[in-house]
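Note that the protein sequences, when read in sequence, are chains A and B.
As numbered in the numbering used here, residues 1 to 243 make up the first sequence, in order.
As numbered in the numbering used here, residues 244 to 481 make up the second sequence, in order.
From the three backbone atoms N, C-alpha and C, an ideal C-beta is built for every residue, glycine too.
What follows is a single structure, written as structure tokens, with notes after it.
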Amino acid sequence: MDFPFLADTFLRLCGGIPLTLLLALISCAIGAALALCLAAMRLSKIGPLAALAHAYVFVYRGTPLLVQIFLVYYGFGQFPLVRHSFLWPILREPFWCAIIALSMNTGAYASEIIRGGILSVPHGQIEAARACGMSRLTQFRRIVMPLAIRQALPAYGTEIILMVKATSLASIITLMEITGVAAEIISETYRVIEVFVIAGALYLAINFILTRIVQIIEHWLTPYERGRPALPLAASVDAGEIA
Amino acid sequence: MNNPGFFQLVGFGQQGWGPALLLGAVVTVALAVSGFAIGASLGSLAAWAKIAGGRLSRAADVYTTVLRGIPDLLVIYLFYFGGSRGISAIGHLLGAEGFIGFPGFLAGALAIGMVSGAQQAEVFRGAYSAVSRGEIEAAIAVGMDRWTRFRRIVAPLVIRYALPGLGNVWQVLLKESALISVTGVVELLRQSQIAAGSTRQPFTFYFAAAVLYLVITTVSSLSFFKAESRFSRGLRRS
Numbered sequence: 001m002d003f004p005f006l007a008d009t010f011l012r013l014c015g016g017i018p019l020t021l022l023l024a025l026i027s028c029a030i031g032a033a034l035a036l037c038l039a040a041m042r043l044s045k046i047g048p049l050a051a052l053a054h055a056y057v058f059v060y061r062g063t064p065l066l067v068q069i070f071l072v073y074y075g076f077g078q079f080p081l082v083r084h085s086f087l088w089p090i091l092r093e094p095f096w097c098a099i100i101a102l103s104m105n106t107g108a109y110a111s112e113i114i115r116g117g118i119l120s121v122p123h124g125q126i127e128a129a130r131a132c133g134m135s136r137l138t139q140f141r142r143i144v145m146p147l148a149i150r151q152a153l154p155a156y157g158t159e160i161i162l163m164v165k166a167t168s169l170a171s172i173i174t175l176m177e178i179t180g181v182a183a184e185i186i187s188e189t190y191r192v193i194e195v196f197v198i199a200g201a202l203y204l205a206i207n208f209i210l211t212r213i214v215q216i217i218e219h220w221l222t223p224y225e226r227g228r229p230a231l232p233l234a235a236s237v238d239a240g241e242i243a
Numbered sequence: 244m245n246n247p248g249f250f251q252l253v254g255f256g257q258q259g260w261g262p263a264l265l266l267g268a269v270v271t272v273a274l275a276v277s278g279f280a281i282g283a284s285l286g287s288l289a290a291w292a293k294i295a296g297g298r299l300s301r302a303a304d305v306y307t308t309v310l311r312g313i314p315d316l317l318v319i320y321l322f323y324f325g326g327s328r329g330i331s332a333i334g335h336l337l338g339a340e341g342f343i344g345f346p347g348f349l350a351g352a353l354a355i356g357m358v359s360g361a362q363q364a365e366v367f368r369g370a371y372s373a374v375s376r377g378e379i380e381a382a383i384a385v386g387m388d389r390w391t392r393f394r395r396i397v398a399p400l401v402i403r404y405a406l407p408g409l410g411n412v413w414q415v416l417l418k419e420s421a422l423i424s425v426t427g428v429v430e431l432l433r434q435s436q437i438a439a440g441s442t443r444q445p446f447t448f449y450f451a452a453a454v455l456y457l458v459i460t461t462v463s464s465l466s467f468f469k470a471e472s473r474f475s476r477g478l479r480r481s
């Protein structure tokens with residue numbers, strides 16, 4: 001065991017953690033806002049809006065993220081119009097391109113999760129809210145959204161983990177996050193196994209902590225579920241094990 | 244000279260990259276199919292270990308947890324660079340000189356196979372737990388031995404319950420196969436990169452690649468839908 005090398009690799013890889021987290025955090029935040037808009041469009045009674053959202057989700061879920069990143073990073077530069085516009089300082093930067101591609105991608109996946117959550121709200125709850133005289137906005141804010149968030153949270157937690165994993169693709173457009181640093185060390189030293197184990201452990205640690213945070217939020221949001229024995233079948237359906 | 248238009252570039256004419264892109268798409272599908280087959284073998288072994296319990300089930304748990312928690316790109320690097328390093332070491336023992344590259348196709352298929360195996364293990368395990376005890380008890384009562392029971396009762400039911408999950412795993416795998424382009428395998432994305440580089444029209448070719456990926460994913464989701472209804476014959480839906 002070459003401990004100095006392991007320690008050095010560990011420290012260098014740790015240097016990539018902030019960028020990995022920053023990419024995941026910003027794109028999850030933008031993606032969540034986008035997802036909410038898409039889900040609202042999809043559920044609206046306005047035909048063209050719903051069709052537009054449907055098409056967006058279909059295209060973004062049907063193509064690889066790497067192709068989407070390349071389209072933003074390399075693709076837009078093809079057009080002189082874009083190169084001379086005020087957007088160019090942003091589209092020239094790999095960081096912002098990664099953010100744009102990741103947010104638009106997670107927006108598509110998350111909108112389906114949110115839509116599922118909203119659709120799961122029992123109709124009786126909405127009728128009761130209407131009977132109390134709540135306006136549509138109040139209904140949405142006080143009844144639909146809180147219930148939908150509880151329903152969607154486990155699946156959204158999985159989406160966050162997927163996003164952390166997806167940030168590794170930013171290394172292909174030269175960003176030095178954990179995977180980027182790992183690839184650099186591997187090509188310098190060819191010591192694949194050691195670098196892989198340390199980088200993998202860092203990702204596992206990040207994802208473990210995020211999973212715990214989502215679990216804590218879930219626990220905090222569902223006080224009424226505590227102390228009630230869960231049905232084993234229902235639990236495995238909720239966990240998505242039986243699709 | 245005027246620039247060739249979109250359809251001239253991605254078409255089948257003299258300046259067209261159409262045949263090359265289609266060939267890339269075939270390689271992409273081949274990668275995904277090999278990866279899926281490797282994943283199915285690993286996944287069913289891991290699911291079996293998990294169901295059987297004992298020490299092997301701990302190993303299967305570690306496998307599925309780790310492979311679902313780290314980025315696929317890292318796994319591809321592990322197989323590509325690790326494979327090259329291993330094969331070079333073997334080469335040196337046999338007297339070869341220098342660096343020997345590990346075939347990118349094999350490394351890529353193994354890598355996405357490992358990742359998809361971890362996902363398939365969970366799908367198979369869930370499907371197995373959905374098989375009702377009564378069916379297995381009935382098979383025992385009829386006097387079937389273990390193997391017949393597996394072949395005629397358990398396996399068909401597990402496939403029926405697992406198909407929707409397997410469809411998801413396949414779609415994920417298909418899109419992950421684009422990452423193998425980093426090892427230089429000329430699949431759909433790498434081919435578009437080559438075309439984009441030589442024509443300086445990146446948007447055109449990445450757009451064409453996106454359309455082809457969309458066609459592949461749509462066709463495969465329709466096929467899975469058909470397979471689902473085929474394997475659910477004799478199932479009454481309420």
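Please identify the residue among 3(A), 2(A) and 9(A) whose C-alpha is closest to the C-alpha of residue 202(A).
Nearest C-alpha to residue 202(A): 9(A).
Against chain A, does residue 371(B) count as a neighbour if the rule is that its beta carbon must be under 7 angstroms from one of theirs?
No, residue 371(B) lies away from the interface with chain A (no Cβ there is under 7 angstroms from its Cβ).
Below 8 angstroms, how does it come out for the region 165–182 of chain A and the region 313–321 of chain B: are there three or more Cβ pairs, yes or no?
Touching, yes.
Tell me, please, whether the CB atom of residue 295(B) is closer than 7 angstroms to any CB atom in chain A?
Cβ-Cβ to chain A under 7 angstroms: no for residue 295(B).
Kindly list, in the order they appear in chain A, the residues whose Cβ is closer than 8 angstroms to that of residue 251(B).
Within chain A, no residue comes near residue 251(B); the closest Cβ sits about 16 angstroms away, beyond 8 angstroms.
Which residue marks the beginning of the alpha helix (DSSP H) containing residue 421(B), and which one marks its end?
Taken as a continuous stretch (DSSP letters only), residue 421(B) belongs to no alpha helix (DSSP H), as it is neither H nor E.
Could you pull the start and end residues of the alpha helix (DSSP H) that residue 308(B) belongs to?
Run containing residue 308(B): 298–312, per the alpha helix (DSSP H) assignment.
Quick one, which residues of the region 43–63 of chain A are near chain B if we go by CB-CB under 7 angstroms, in chain order?
Hits within the stretch, in order: 59, 62 and 63.
How is the alpha helix (DSSP H) around residue 395(B) delimited, first residue to last?
Unbroken run through residue 395(B): none, as it is neither H nor E.
Within the same chain, show all residues whose beta-carbon is closer than 7 angstroms to that of residue 159(A), passing over the 5 residues directly before and after it, in chain order.
Within the same chain, residue 159(A) has close Cβ partners 106, 109, 110 and 113.
Does residue 301(B) come within less than 7 angstroms of chain A when only Cβ atoms are used?
No, no contact with chain A.
Tell me whether the beta-carbon of residue 409(B) lies closer than 7 angstroms to the beta-carbon of residue 366(B).
Yes, these two residues count as a Cβ contact at 7 angstroms.
I need the DSSP call for residue 344(B), collapsed to helix, strand or coil.
Of the three classes helix, strand and coil, the one that applies to residue 344(B) here is coil, per DSSP.
Taking residue 266(B) as part of the alpha helix (DSSP H), name the residues at either end of that continuous run.
261–295 is the extent of the alpha helix (DSSP H) around residue 266(B).
Under the assumption that residue 352(B) contacts residue 406(B) (Cβ atoms under 8 angstroms), give the Cβ distance between them as a whole number of angstroms.
Incorrect: roughly 22 angstroms between the Cβ atoms, too far for contact.
How long is the line joining the alpha carbons of residue 245(B) and residue 268(B), rounded to whole angstroms?
Only weak support exists for where residue 245(B) lies, its pLDDT of 49 falling under 50; the value from the coordinates is given anyway. Going from the Cα of residue 245(B) to the Cα of residue 268(B) covers about 29 angstroms.
Take residue 372(B) as the anchor and find which of 361(B), 391(B), 397(B) and 472(B) has the nearest alpha-carbon.
Ranking the options by Cα distance to residue 372(B), first place goes to 397(B).
Identify, in the order they occur along the chain, each residue of the same chain with its Cβ nearer than 7 angstroms to the Cβ of residue 249(B), setting aside the five sequence neighbours on each side.
So the qualifying residues of the chain are 447.
Mind checking if residue 245(B) is an interface residue toward chain A, Cβ cutoff 7 angstroms exclusive?
Residue confidence is low: residue 245(B) scores 49 on pLDDT, short of 50, so the model does not pin down where it sits. Its coordinate-derived value is still stated next. For residue 245(B), the answer is no, since every Cβ of chain A falls outside 7 angstroms of its Cβ.
Quick one: give me the first and last residue of the alpha helix (DSSP H) that residue 387(B) is part of.
Unbroken run through residue 387(B): none, as it is neither H nor E.
Under a three-way DSSP split, which group does residue 337(B) fall into?
Residue 337(B) falls in the coil class under three-state DSSP.
Does any residue of chain B have a CB that is nearer than 7 angstroms to the CB of residue 157(A)?
No, because no Cβ of chain B sits closer than 7 angstroms to the Cβ of residue 157(A).
If you draw a straight line from the C-alpha of residue 71(A) to the C-alpha of residue 98(A), how long is it?
Cα to Cα, residue 71(A) sits roughly 11 angstroms from residue 98(A).
Following a CB-centred definition, is residue 56(A) positioned closer than 6 angstroms to any heavy atom of the ligand PLP?
Inclusion of the ligand PLP in the displayed structure is not the case, the ligand content being empty and no account of it being possible.
Output yes if chain A places a C-beta closer than 7 angstroms to the C-beta of residue 442(B); else output no.
No, residue 442(B) does not count as interfacial toward chain A.
Could you give the distance in angstroms between the alpha-carbon of residue 328(B) and the alpha-carbon of residue 222(A)?
Each residue's Cα considered, the two are about 51 angstroms apart.
Would you call the region 453–462 of chain B and the region 415–431 of chain B touching, i.e. three or more CB-CB distances under 8 angstroms?
Yes, since at least three Cβ pairs between the region 453–462 of chain B and the region 415–431 of chain B fall closer than 8 angstroms, the two stretches touch.
Taking Cβ-Cβ distances shorter than 7 angstroms, what residues in chain C pair up with residue 10(A)?
Of the protein chains in this structure, namely A and B, none is chain C.
Could you please tell me which residues of the region 444–468 of chain B, in chain order, have their CB closer than 8 angstroms to any CB of chain A?
Cβ contacts with chain A: 444, 445, 446, 447, 449, 450, 452, 453, 456, 457, 460 and 461.
Does the beta carbon of residue 324(B) sit closer than 7 angstroms to a beta carbon anywhere in chain A?
So yes, residue 324(B) belongs to the interface.
Is any beta-carbon of chain B found at less than 7 angstroms from that of residue 209(A)?
Not closer than 7 angstroms to any Cβ of chain B, the Cβ of residue 209(A) fails to qualify, so no.
Does residue 4(A) pass the burial test, meaning 16 or more other C-beta atoms within 10 Å, or should it be called exposed?
With fewer than 16 Cβ atoms within 10 Å of its Cβ, residue 4(A) is classed as exposed.
Of all Cβ atoms in chain A, is any one closer than 7 angstroms to the Cβ of residue 314(B)?
It does: the Cβ of residue 314(B) has a partner Cβ on chain A nearer than 7 angstroms.
Contact check, residue 181(A) vs residue 47(A) under 8 angstroms by CB: the rounded distance?
48 angstroms between Cβ atoms; not a contact.
Let's test the definition: count the other Cβ atoms within 10 Å of the Cβ of residue 200(A) and tell me whether it reaches 16, buried, or not, exposed.
Per the 10 Å Cβ criterion, buried.
Provide the residue span of the alpha helix (DSSP H) that contains residue 79(A), from first to last.
Run containing residue 79(A): none; DSSP gives neither H nor E here.
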